[in-house]
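*Asks:*
2 protein chains.
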Amino acid sequence: MATAARSTKYRRQSDTELSRMEIMEGAALCFEARGYAATSLDEVAARISSTKGRIYHHYGSKAELFLDVYRTGMMMNFQAIEPLLEHDMPPIERLKAVLKAHVRCVIRTKAFQNVVGQGVDMLRHGTMPANEHAELAQLAELRDAYSEHFSKVLEDAKAAGAIDYTNIKIALNSVFMCINGPIVWFTPRKGQAEHEIEALADECVLYAIRLLGYRGEMS
Amino acid sequence: MATAARSTKYRRQSDTELSRMEIMEGAALCFEARGYAATSLDEVAARISSTKGRIYHHYGSKAELFLDVYRTGMMMNFQAIEPLLEHDMPPIERLKAVLKAHVRCVIRTKAFQNVVGQGVDMLRHGTMPANEHAELAQLAELRDAYSEHFSKVLEDAKAAGAIDYTNIKIALNSVFMCINGPIVWFTPRKGQAEHEIEALADECVLYAIRLLGYRGEMS
DNA sequence: TTGACAACATACTCGATAGTATGTTCAACT
DNA sequence: AGTTGAACATACTATCGAGTATGTTGTCAA
């Protein structure tokens, strides 16, 4: 039966994906805590109560694992904001919504986003550990495409007169520094209610749009 | 002669300090480019056309060198802003001046500040490479004291009604993210005039005070 | 039921690097 | 003029970790 065959096939696929995701989560936490270079794959394996053999069964190298974490982190970002780019709404409202979605995503997937940050740094300094230039270039494009989304949203809002800035590069960098801040300084505490995180995210967004010259208060 | 004796003594001291500074500058550049863990002391030595022996003559360990770079970076920051804390001036002007001084310092000493950032991360995650808890605690205090300076300036400006924020911790973190941004995204280009960097710094400061709810434009 | 393969675990190799031990030079003091 | 010690350079060791080679187990298909 085709259905049964596909079912089996997908279950195995799914298991593989689940296994890779479990590895990635462990890796993201280790990379976040100690940095890429200082993290050993034995540490990653230990974190998920496993062994290095398992990791090398799914990934060809440490760098490949790192790149997969990077890519997954970027995908999480895209999935968070892309739905908002479709809907028709006032530019300033879209800006607020996109910023908010990004911050929420960043907080939820903190470890992955930290790895993304490390990857961006490596790209910037040309110290990528891999020889896999194809993957590397692809990730750079991912990052640029994501940044481009924000550029467009910013320019729309500026054209609508809701915000203002002199140099879009500096403005965009500053906004990213601001809304990515939680990656660096946020530390989740036990028993922290969901609405506390919401308030935190709202405050980050407020500062980000203020930075851009937005005058009205939050609606 | 006491004078000659002291002169000799001081000259040797001074030479030692110069040598240490040269090592630190090489180390800061390497740490910035590859990160602490990925940087070998042979690389640092090669960067200053020297050998590992020289480094170990001045420092007991890689971690000790790192900590000295960290401390030196923080000192540069203090020296940049502390004179401004003395003078009597309107809170909002002091805020602007301090932010501007910080950004200028950050751009000039980019590599050192990047190391400071790595150090702060290590403190945060408890992954400091050294056993030297004394040094470690001292550096944490340095960082806190520096942050405290900004806290005071912010609160004064808020009391004067020039700015506004809900949560000082989040606001301060956001401001730091913004004014420390150049550490991450600024890349000096050859032939870049001094006034271009000034303009860049001004724009960072503008975004930072806007973030804090400042309404007036830059004077 | 068996064999074939995926999904691991275990046991190794080998290069890189932090740290050390020792050698060399040069300047100051005696 | 010789001795000493600071400021290095050179040569080595010891460890750690990425990558590999091989062993083990459960599962599914025929």
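As you go down the protein sequences, you meet chains D and R in turn. Just so you know, we're using the working numbering here: the first sequence kicks off at 880 and counts up by one. Just so you know, we're using the working numbering here: the second sequence kicks off at 880 and counts up by one. Using N, Cα and C, we set each Cβ at its ideal position, and we do this for glycine too.
Taking 6 Å as the limit between beta carbons, can you name the residues of its chain near D:I971, skipping five residues before and five after?
*Replies:* The sequence position of residue 971 of chain D within the first sequence is 92, counting from 1. Once the five neighbours on either side are set aside, the close Cβ partners of D:I971 are A1036, A1041.
*Asks:* Applying the criterion that 16 or more other CB atoms from any shown protein chain within 10 Å of the CB defines a buried residue, is D:K979 buried or exposed?
*Replies:* Translated into the one-based positions of the first sequence, residue 979 of chain D becomes position 100. Buried, since its Cβ has 16 or more Cβ neighbours within 10 Å.
*Asks:* Under 8 Å between beta-carbons, which chain R residues line up against D:I1049? List them in chain order, please.
*Replies:* Counting from 1 along the first sequence, the entry for residue 1049 of chain D is found at position 170. What D:I1049 touches in chain R: L1079, E1082, C1083, Y1086.
*Asks:* Kindly indicate which three-state DSSP category R:L1091 falls into: helix, strand or coil?
*Replies:* For the purposes of this step, residue 1091 of chain R is taken as the residue at position 212 of the second sequence. R:L1091 falls in the coil class under three-state DSSP.
*Asks:* Counting only Cβ-Cβ distances shorter than 7 Å, please list the residues of the region 913–942 of chain D near chain R, keeping chain order.
*Replies:* Cβ contacts with chain R: R913, G914, A916, A917.
*Asks:* Would you mind reading off the limits of the alpha helix (DSSP H) that contains R:S947?
*Replies:* The sequence position of residue 947 of chain R within the second sequence is 68, counting from 1. Residue identity check: residue 947 of chain R is Asp in the sequence provided, not Ser. From DSSP, the alpha helix (DSSP H) with R:D947 extends over 941–965.
*Asks:* Do you know how far the Cα of R:L964 is from the Cα of D:A1009?
*Replies:* Within the first sequence, residue 1009 of chain D is the residue found at index 130, counting from 1. Within the second sequence, residue 964 of chain R is the residue found at index 85, counting from 1. If I take the Cα positions, the gap works out to 48 Å.
*Asks:* Who are the near neighbours of R:T930 in its chain, counting only those whose CB is closer than 7 Å to its CB and skipping five residues on each side?
*Replies:* As a working note, residue 930 of chain R is residue 51 in the second sequence. A924.
*Asks:* For R:T988, count neighbouring Cβ atoms within 10 angstroms of its own Cβ and tell me buried if that reaches 16, exposed if not.
*Replies:* Start at 1 with the first residue of the second sequence, and residue 988 of chain R comes out as number 109. Flag for R:T988 reads buried.
*Asks:* For the region 962–986 of chain D, enumerate the residues whose C-beta is nearer than 8 Å to any C-beta of chain R, in chain order.
*Replies:* Listed by position along the chain: nothing, the set is empty.
*Asks:* DSSP three-state label for D:E1082, please.
*Replies:* Stepping through the first sequence from its first residue, residue 1082 of chain D is reached at position 203. Helix at D:E1082.
*Asks:* For the candidate residues R:L1090, R:M900, R:I1076, R:E943, whose alpha-carbon lies nearest to that of R:M1007?
*Replies:* Residue 1007 of chain R sits at position 128 when you count from the first residue of the second sequence. That would be R:E943, whose Cα lies nearest to the Cα of R:M1007.
*Asks:* Around the Cβ of D:M954, are there at least 16 other Cβ atoms within 10 angstroms (buried) or fewer (exposed)?
*Replies:* As a first step, residue 954 of chain D must be located in the first sequence, where it is residue number 75. Under this definition D:M954 is an exposed residue.
*Asks:* Name the chain D residues whose beta carbon is nearer than 9 Å to that of R:N1046?
*Replies:* The sequence position of residue 1046 of chain R within the second sequence is 167, counting from 1. Per Cβ cutoff of 9 Å: A1078, L1079, E1082.
*Asks:* Counting beta carbon pairs with one atom in the region 1054–1061 of chain D and one in the region 1073–1086 of chain D, are three or more of them shorter than 8 Å?
*Replies:* Yes: at least three Cβ pairs fall under 8 Å.
*Asks:* Find out if the Cβ-Cβ distance for the pair R:E911, R:V999 is shorter than 8 Å.
*Replies:* Position 32 of the second sequence, counting from 1, holds the residue named residue 911 of chain R. Position 120 of the second sequence, counting from 1, holds the residue named residue 999 of chain R. No, these two residues do not count as a Cβ contact at 8 Å.
*Asks:* Just to check my reading of the structure: D:V948 and D:I960 have Cβ atoms closer than 8 Å, yes? What is that Cβ distance to the nearest angstrom?
*Replies:* Sequence index remark: in the first sequence, residue 948 of chain D carries index 69 (1-based). Sequence index remark: in the first sequence, residue 960 of chain D carries index 81 (1-based). Incorrect: roughly 20 Å between the Cβ atoms, too far for contact.
*Asks:* Out of D:S1030, D:H981, D:P1067, D:M1001, state which residue places its alpha-carbon closest to the alpha-carbon of D:I1049.
*Replies:* Stepping through the first sequence from its first residue, residue 1049 of chain D is reached at position 170. Of D:S1030, D:H981, D:P1067, D:M1001, the residue nearest in Cα terms is D:S1030.
*Asks:* Please tell me whether D:S1053 has its Cβ less than 8 Å away from any Cβ of chain R.
*Replies:* To locate residue 1053 of chain D, count along the first sequence from 1; it is residue 174. By this cut-off, D:S1053 is an interface position.
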